[in-house]
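K.L.:
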Amino acid sequence: MKVADKIVVVTGGGSGIGKSLAERFAKDGAKKVIVADLNGEAAQAVAKSIDGHAVQIDVSKESEIQQLIDNVENDFGPIDLFCSNAGILRRGGLETPDKDWDIMMKVNVWSHLYAARHLVPKMAKRGGGYFLNTASAAGLLTQIGSVTYSVTKHAAVSLAEWIAITYGHQGIKVSVICPQAVRTGMTAGGQGGVAGIDGMLEPDFVADVVTEALDEERFMILPHKEVAKYFQNKANDYDRWLNGMRRLQDRFLPKS
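In terms of our numbering, the sequence shown opens at residue 75 and continues consecutively.
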C-alpha cells in the first residue's frame, strides 16, 4: 500500500512512534493525516506541523473511536489506513489490581477491536482498507516484569491475525508492529530495560521500517530483526526458550 493520496488516522499520534508515523505519512503524500491523541495539545502540535487534523480522544472508550471514524469519514472521506497505535504500560505481576488490568485491556486491545468493529463493515462495503496495529515484541515473546503488558500485547497480535484471516477475502489488509525498545515516553529515563537488550531504536527508524512493510503489505513488522530469531527459537523448543527467559529475568529483576 502506498499512502500517497490516502486518508490516514493515527491514534497515539502526538508523540513517539505515532508522531513519526504521522510525519512520515504526510511526507509521503497522504491526502490527510488525522492525528488523534489523549493529549490534545500534542496532537495539535503534530497536526499543525504536517498540515494534518488533530483530534483529542480517549481510545479506551468505544464511543469516542466510533465518533472519530464517523467524523473523519464525513469531513474528509473514507479512511484508507487506520493506525491503532496508542498503548500504555503498567509494571507488576499477579498482584496487579483489576483496575490496571482493565485499563491495559481497554487501551492495548479493545481500542484495536473498536476500530475494526466500526471500520471493517465500511471498508468491506467499498472493497477494502488497511489496519496498522502497534503491538510489541512482548506479544510474540513476553514482557519480563509486566504480566499485563505481556498478556495484552499477545491479545493484540492475536486479534490482528484473526482480522487478517477472517476478512482478507473482503480486501481488508492488516499489519502489526512488534518492536522491542523504542525511544518514546514509555522508555524515558532508561535504556528500555530487558526490551532494550538489542538496542533502542528511534521512532523515525521504526516509521521507515513500517513504510517499507506497508509497501509490501507484510503482516508482521519487526523493526528489531532479532525478534524473528527469538520467535523461531520459542516455536522450535518451547521449554528451552522458557529456561532462557528465566535466566534473562534473573539478569534484570531481583529474585523474590
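The beta-carbon is built from N, C-alpha and C at its ideal position, and this holds for glycine as well.
(1) With DSSP as the reference, please indicate the residues paired to residue 161 in a beta bridge.
(2) Distance, Cα to Cα, residue 241 vs residue 247?
(3) Compute the Euclidean distance between the alpha carbons of residue 20 and residue 119, then round it to the nearest angstrom.
(4) Skipping 5 residues on each side, what residues in its chain have a beta carbon closer than 8 Å to that of residue 177?
(5) With residue 284 as the anchor, note down where its alpha helix (DSSP H) starts and where it stops.
(6) How close, in whole Å, do the beta carbons of residue 83 and residue 124 come, if the pair is a contact with beta carbons under 8 Å?
(7) For residue 75, tell me which candidate among 104, 166, 169, 87 has the shortest Cα-Cα distance.
(8) Tell me which same chain residues have a C-beta within less than 7 Å of the C-beta of residue 94, skipping the five on either side of it?
(9) Going by other Cβ atoms of all chains shown within 10 Å of its Cβ, with 16 needed for buried, is residue 326 buried or exposed?
(10) Work out the CA separation of residue 121 and residue 115 for me, nearest whole Å.
(11) Kindly give me the distance between the Cβ atoms of residue 243 and residue 272, rounded to whole angstroms, as I take these residues to be in contact under 8 Å.
(12) Measuring CB atoms only, is the segment 310 to 322 touching the segment 287 to 298, in the sense that at least three cross pairs come out at less than 8 Å?
(13) Please look up how many angstroms separate the CB atoms of residue 111 and residue 130, rounded, as I've assumed it's under 8 Å.
(14) What is the DSSP secondary structure of residue 155, counted as helix, strand or coil?
(15) Hey, residue 293 and residue 238 are a contact pair by Cβ (cut 8 Å); roughly how many whole angstroms apart?
(16) Spell out the partners DSSP gives residue 111 in its beta bridges.
(17) Bridge partners for residue 206 per DSSP, in chain order?
(18) From the DSSP output, in three-state form, read off residue 146 for me.
(19) Where does residue 199 land, buried or exposed, given buried means 16+ other C-beta within 10 angstroms?
(20) Below 6 Å CB to CB, which residues in the same chain sit around residue 217 once its five sequence neighbours on both sides are set aside?
(21) Does the Cβ-Cβ distance between residue 158 and residue 186 come in under 8 Å?
(22) For residue 79, collect the residues of the same chain with a Cβ closer than 7 Å to its Cβ; drop the 5 residues on either side in sequence, then sort them by chain order.
P.N.:
In this structure, then:
(1) Residue pairing for residue 161: DSSP places it in no beta bridge.
(2) In this structure, the straight-line span from the alpha carbon of residue 241 to that of residue 247 is close to 8 Å.
(3) This structure gives no information on residue 20, because the portion of the chain shown stretches from 75 to 330.
(4) Excluding sequence neighbours, residue 177 sits near 134, 162, 164.
(5) Note, residue 284: alpha helix (DSSP H), 277 to 290.
(6) 13 Å between Cβ atoms; not a contact.
(7) Per the C-alpha coordinates, the member of 104, 166, 169, 87 positioned closest to residue 75 is 104.
(8) Only 277, 278, 280, 281 meet the Cβ criterion.
(9) Residue burial annotation: residue 326 is exposed, with fewer than 16 other C-beta atoms found within 10 angstroms of its C-beta.
(10) One C-alpha to the other measures close to 10 Å.
(11) In this structure residue 243 is not in contact with residue 272, their Cβ atoms being roughly 36 Å apart against a cut-off of 8 Å.
(12) Output reads no: the segment 287 to 298 does not touch the segment 310 to 322.
(13) Their Cβ separation, rounded to whole angstroms, is 7 Å, which keeps residue 111 and residue 130 in contact under 8 Å.
(14) The answer is strand: DSSP assigns residue 155 an E or B state.
(15) Indeed they touch by this definition, with Cβ atoms about 6 Å apart.
(16) Residue pairing from DSSP places residue 111 in a beta bridge opposite 130.
(17) Answer is 157, 249, bridged to residue 206.
(18) In the three-state DSSP reduction, residue 146 falls in the helix class (H, G or I).
(19) Classification of residue 199: exposed, given that the 10 Å Cβ count is below 16.
(20) For residue 217, same chain residues with a beta-carbon under 6 Å away, outside a window of 5 residues either side, are 223, 224 in chain order.
(21) In terms of Cβ geometry, residue 158 and residue 186 form a close pair [threshold 8 Å].
(22) Within the same chain, 103, 105 come within 7 Å of residue 79 by CB-CB distance, once the 5 residues on both sides are set aside.
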